[in-house]
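In our numbering, the protein residues as written are 781 to 1001. Think of the CB as a built atom: it goes at the ideal place given N, C-alpha and C, for glycine as much as any other residue. See structure below.
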Amino acid sequence: MAGSSDYKLPSQVQLLQPTTQLKGLMTIIRSKDTPRSDFIFYADRIIRLLVEEGLNHLPVIDKVVKTPTGASYQGLAFEGRICGVSIMRAGESMEQGLRECCRSVRIGKILIQRDEETHKPKLYYAKLPKDIASRYVLLLDPMLATGGSAMQAVQVLLENNVQEDRIIFLNLLASPEGIEAFVKQFPKVKIVAGEVDAGLDENKYIIPGCGDFGCRYFGTE
C-alpha cells in the first residue's frame, strides 16, 4: 500500500502483488513530470495487470484437452459470460486492456460526474448490454476516491438485475475512505486495486494519488 500501514484491508479487497515492477510503474504514472505518452503506456501496463487479476476471480470448471502430442492435459475453463462496464470518462481508459484479454467482449458505459461543490455524484447516462443480467461484470474506473460514483454505478447495475456477487470492480488507486464506504454498501462486490493510498485531501482527491487520471490519459489537462 502507498498509504498508512495501519489500515487493514477488508476481505472484499484484493491488491495486486506489490512487486518491484508494479512499484516502478506506479512511480512513473504518479510523477508530475511524466509526459502524456509515457503516462498512457505505463498506465496501460498496470491496467492489463488489473484485468488479469480480475479474471482470476471468475468461476472456473475442470476441462480436459488433447495436446498435439496426443496426451491429455487437465486444465480449467471459465464458467459463464462476462462484460465490461466503464464509468466514463476515465474508465474508458481501461477498455482496451479488457479487450486485449477478452476477445469480442461487450462493454457498456455509465456516465456519472461529480459536482465540484457538493462532491456528490450525478448520473447522466447509462448504456448496458441487453443481457447484462446473465453476465459477470468487470466494472472499470481507475480511481476510487470517495466511492460515490462507483456506488452509484453499482446501483445502476443492480437495477438492471445484475447480481451483486457477480460484480468485480477494478481500479488502479483507491483511498481507505472510498473502500470503507463502498464495501459497507455493497459487501458482495469484489474490489481489485493496484494500490491503496493515504487518504483524501480537502477537495476529495486521492493523496498522494496521480492527479486527474482522465485528464492526464486523454490529454485534457
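Closest Cα partner of residue i within the set the options
i	options	result
residue 907	802, 868, 897	868
residue 903	979, 933, 886	933
residue 1000	974, 802, 900, 816	816
residue 872	884, 862, 859, 888	888
residue 790	995, 994, 957, 936	957
residue 858	838, 846, 866, 876	838
residue 860	920, 807, 885	885
residue 810	909, 799, 826, 797	826
residue 920	931, 905, 912, 875	875
residue 877	951, 925, 808, 986	951
residue 862	879, 935, 929	879
residue 870	959, 929, 799	929
residue 988	800, 821, 925	925
7 angstroms Cβ shell around residue i - same chain, five flanking residues per side excluded
i	result
residue 792	963, 967, 969, 970, 971
residue 944	938, 966, 968, 969
CA-to-CA distance, residue j to residue i, given in whole angstroms
i	j	result
residue 844	residue 851	10 angstroms
residue 990	residue 953	9 angstroms
residue 864	residue 853	30 angstroms
residue 840	residue 896	43 angstroms
residue 992	residue 927	15 angstroms
residue 978	residue 890	28 angstroms
residue 961	residue 949	14 angstroms
residue 946	residue 917	6 angstroms
residue 941	residue 848	43 angstroms
residue 892	residue 995	16 angstroms
residue 794	residue 976	10 angstroms
residue 842	residue 856	5 angstroms
residue 804	residue 912	36 angstroms
residue 807	residue 819	10 angstroms
residue 981	residue 959	16 angstroms
residue 787	residue 883	37 angstroms
Same chain, Cβ closer than 8 angstroms to residue i, five either side skipped, listed in chain order
i	result
residue 881	828, 831, 832, 835
Coil, strand or helix - residue i by DSSP
i	result
residue 978	coil
residue 791	coil
residue 883	coil
residue 817	helix
residue 901	strand
residue 727	What the structure shows of the chain is the stretch from 781 to 1001, and residue 727 is not part of that stretch, so it cannot be assessed.
residue 780	In the structure displayed, the chain extends from 781 to 1001; residue 780 sits before or after that span and is not available.
residue 969	coil
residue 936	helix
Classification of residue i by the beta-carbon crowding that lies within 10 angstroms, buried from 16 upward
i	result
residue 922	buried
residue 997	buried
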